[in-house]
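What follows is a single structure, written as structure tokens, with notes after it.
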Amino acid sequence: MSTNATNEARTRETTIEADPSLPTIRIIRDFDAPREKVFRAWIEPELVAQWLGPKSTTMRIDQWDARTGGNYRYAALQDGEEIAAFYGSFHEVRPNERLVQTFTWEGMPDGVSLDTMTFEDLGDGRTRTIGLSVVDNFEARDAIMASGMEVGVYEGYEKLDALLAQS
Amino acid sequence: MSEDRLSRVFAALADPTRRDIVARLAVGDATVSQLAAPYDVSIQAVSKHLKVLEDAGLVSRSQDAQRRPRHLEAEVFDMMTAWIERYRRQAEDRYRRLDAVLASMDDDTKPKIREPTINKGAAS
């Protein structure tokens, strides 16, 4: 692999910020695609279904109305079985710039996250997405960040698992 | 359970006085009265904050029975860092799938006006 490619990969890696004093999560990622294209991948259901769901699951979209005031519901399927379902509203769909949604996992119906996605044009056909999720307490944020812990185990995390199991 | 422990850690750190105590213990061990000195609160109030931090596993008491200085368990922060890193990796995986989607899309960049998708057969 060339140095160039390595550098490129490094600048593109996802960044996560979990504020210690506010129950928020910020996720930043750059894409090698123009803003209009990235935005489409976020709102067109055929495209969303290809990447948004948890790893090793199939995403079934039951309802999808990506317009300001619209709503959505989708389910994650594993071997044809529904393992989780999510719903919310599209609070604001501002083409190519901003997407504001509410998000609830039906397994925790009292929990709702307010997710604001901002799409920044970096020039040269590149786009930065900044996702800010706000929930109403730290326990809810922990639950979000811990979600999917059972899905997808990465090398090097055995040590963490052992540490977590100690408590 | 591990998730309970992590919730306790985050709940413990949600309070500004407790975060301040943690920051001071990061510099070095300190007794309850040393920790209480800069605050306009009683020793009892600081003890209460320390109890929350101890219950979360963030702070322990040293063996010195006389002074019982409190000690910061830095390992807990390593655990939180690793935990956030795991979440980050999941997000990165998801976005790599999006990279592939973007690469496969045509260059028609105009968002299509769409009728809502309603999959009536799916919900039951």
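Residue numbers (the working numbering), protein chains in the order written: chain A, 103 to 269; chain B, 509 to 632. C-beta: ideal position from N, C-alpha, C; glycine also. These numbers were taken from a predicted model, which means no experiment stands behind them.
(1) Check whether chain A comes within 8 Å of Leu533/B, counting only Cβ atoms and requiring the distance to be less than that.
(2) Might you give, ordered along the chain, the residues of its own chain that have their beta carbon closer than 7 Å to the beta carbon of Asn109/A, omitting 5 neighbours on each side?
(3) In the structure shown, what three-state DSSP assignment does Val567/B receive?
(4) Counting only C-beta atoms, is Asp607/B closer than 8 Å to chain A at any point?
(5) What is the rounded straight-line gap between the Cα of Thr231/A and the Cα of Phe141/A?
(6) Closer than 8 Å, Cβ to any Cβ of chain A: which residues of the region 552-567 of chain B, in chain order?
(7) Nearest CA to the CA of Leu561/B: which residue from Arg527/B, Thr539/B, Gln598/B, Asp512/B?
(8) Should Glu600/B be flagged as near chain A, meaning a C-beta pair shorter than 8 Å?
(9) Helix, strand or coil for Thr625/B? Go by DSSP, reduced to three states.
(10) Under 8 Å between C-beta atoms, does Leu149/A make it to chain B?
(11) By DSSP, does Trp153/A sit in helix, in strand, or in coil?
(12) Closer than 8 Å is the cut-off here; do at least three beta carbon pairs connect the region 125-143 of chain A with the region 579-586 of chain B?
(13) Just how far apart, CA to CA, sit Thr525/B and Arg578/B?
(14) Going by the CB atoms, is the gap between Leu543/B and Val554/B shorter than 8 Å?
(15) The alpha helix (DSSP H) spanning Thr206/A covers which residue range?
(16) Going by beta-carbon coordinates alone, are Tyr174/A and Asp181/A separated by less than 8 Å?
(17) According to a CB-to-CB cut-off of less than 8 Å, which residues of the region 515-528 of chain B neighbour chain A?
(18) Please confirm whether Ile185/A and Tyr595/B have their CB atoms less than 8 Å apart.
(19) Using 8 Å as the threshold, is the C-beta distance between Leu224/A and Arg128/A below it?
(20) Of all Cβ atoms in chain A, is any one closer than 8 Å to the Cβ of Leu610/B?
(21) Mind checking whether Arg200/A and Thr220/A have CB atoms under 8 Å apart?
(22) Tell me the rounded alpha-carbon separation between Met247/A and Asp238/A.
(23) Could you tell me which chain B residues have their CB closer than 8 Å to the CB of Gly172/A, listed as they occur along the chain?
(24) Residues of chain B with CB closer than 7 Å to the CB of Val140/A, please, in chain order.
(25) Beta-carbon of Trp207/A versus every beta-carbon of chain B: anything under 8 Å?
(26) Counting contacts by CB-CB distance shorter than 8 Å, is Ile129/A in contact with chain B?
(27) Would you report the Cα separation of Asp607/B and Asp121/A, rounded to the nearest angstrom?
(28) Quick one: residues in its chain with C-beta nearer than 8 Å to the C-beta of Thr204/A, no 5 flanking neighbours on either side, listed in chain order?
(29) Check whether chain B comes within 8 Å of Ala143/A, counting only Cβ atoms and requiring the distance to be less than that.
Taking the geometry as given:
(1) Locating residue 533/B in the second sequence gives position 25, where the first residue counts as 1. It does not: the Cβ of Leu533/B has no partner Cβ on chain A nearer than 8 Å.
(2) As a position in the first sequence, residue 109/A is number 7, starting the count at 1. Confidence at Asn109/A is low in this model, with a pLDDT of 39, below 50, so the placement of that residue should be treated as unreliable; the coordinate-derived value is given next. For Asn109/A, where only same-chain residues beyond five positions count, there are no Cβ hits under 7 Å.
(3) Start at 1 with the first residue of the second sequence, and residue 567/B comes out as number 59. Strand at Val567/B.
(4) The residue labelled residue 607/B in the question sits at position 99 within the second sequence. For Asp607/B, the answer is yes, since a Cβ of chain A falls inside 8 Å of its Cβ.
(5) For the purposes of this step, residue 231/A is taken as residue 129 along the first sequence, with counting starting at 1. For the purposes of this step, residue 141/A is taken as residue 39 along the first sequence, with counting starting at 1. C-alpha separation (whole angstroms): 9 Å.
(6) Gly565
(7) Counting from 1 along the second sequence, the entry for residue 561/B is found at position 53. Comparing Cα-Cα distances from Leu561/B to each of Arg527/B, Thr539/B, Gln598/B, Asp512/B, the minimum goes to Arg527/B.
(8) Within the second sequence, the letter at position 92 stands for residue 600/B. It does: the Cβ of Glu600/B has a partner Cβ on chain A nearer than 8 Å.
(9) Translated into the one-based positions of the second sequence, residue 625/B becomes position 117. Note: Thr625/B maps to strand in three-state DSSP.
(10) The sequence position of residue 149/A within the first sequence is 47, counting from 1. Yes, Leu149/A lies at the interface with chain B (some Cβ there is under 8 Å from its Cβ).
(11) Stepping through the first sequence from its first residue, residue 153/A is reached at position 51. Trp153/A falls in the coil class under three-state DSSP.
(12) no
(13) In the second sequence, the residue the question calls residue 525/B occupies position 17. In the second sequence, the residue the question calls residue 578/B occupies position 70. Rounded to whole angstroms, Thr525/B to Arg578/B spans 15 Å at the Cα level.
(14) Working through the second sequence from its first residue, we reach residue 554/B at position 46. Working through the second sequence from its first residue, we reach residue 543/B at position 35. Contact: yes.
(15) For the purposes of this step, residue 206/A is taken as the residue at position 104 of the first sequence. Looking at the DSSP string, Thr206/A is not in any alpha helix (DSSP H); the run it does join, the beta strand (DSSP E), is 200-207.
(16) For this step, residue 174/A is matched to residue 72 along the first sequence. For this step, residue 181/A is matched to residue 79 along the first sequence. Contact: no.
(17) Ser515, Phe518, Ala519, Leu521, Ala522, Pro524, Arg527
(18) The residue given as residue 185/A occupies position 83 in the first sequence. The residue given as residue 595/B occupies position 87 in the second sequence. No.
(19) Walking along the first sequence from the start, residue 224/A turns up at place 122. Walking along the first sequence from the start, residue 128/A turns up at place 26. No, the Cβ-Cβ distance between Leu224/A and Arg128/A is not below 8 Å.
(20) As a working mapping, residue 610/B is identified with position 102 in the second sequence. Output row for Leu610/B: interface = yes.
(21) One-based indexing of the first sequence puts residue 200/A at position 98. One-based indexing of the first sequence puts residue 220/A at position 118. In this structure, Thr220/A lies closer than 8 Å to Arg200/A by Cβ.
(22) In the first sequence, counting from the first residue as 1, residue 247/A sits at position 145. In the first sequence, counting from the first residue as 1, residue 238/A sits at position 136. Cα to Cα, the separation comes out at about 14 Å.
(23) Sequence index remark: in the first sequence, residue 172/A carries index 70 (1-based). Within 8 Å Cβ-Cβ: Pro624.
(24) For the purposes of this step, residue 140/A is taken as the residue at position 38 of the first sequence. Chain B residues near Val140/A: Leu610.
(25) As a first step, residue 207/A is located in the first sequence; it is residue number 105 there, counting from the start. False, the Cβ-Cβ gap to chain B never drops below 8 Å.
(26) The sequence position of residue 129/A within the first sequence is 27, counting from 1. Yes, its Cβ sits closer than 8 Å to a Cβ of chain B.
(27) Here residue 607/B refers to the residue found at position 99 of the second sequence. Here residue 121/A refers to the residue found at position 19 of the first sequence. The alpha-carbon atoms of Asp607/B and Asp121/A are separated by roughly 27 Å.
(28) For this step, residue 204/A is matched to residue 102 along the first sequence. These residues qualify, in order along the chain: Gly190, Ser191, His193, Val214, Ser215, Leu216, Asp217.
(29) Walking along the first sequence from the start, residue 143/A turns up at place 41. True, the Cβ-Cβ gap to chain B drops below 8 Å.
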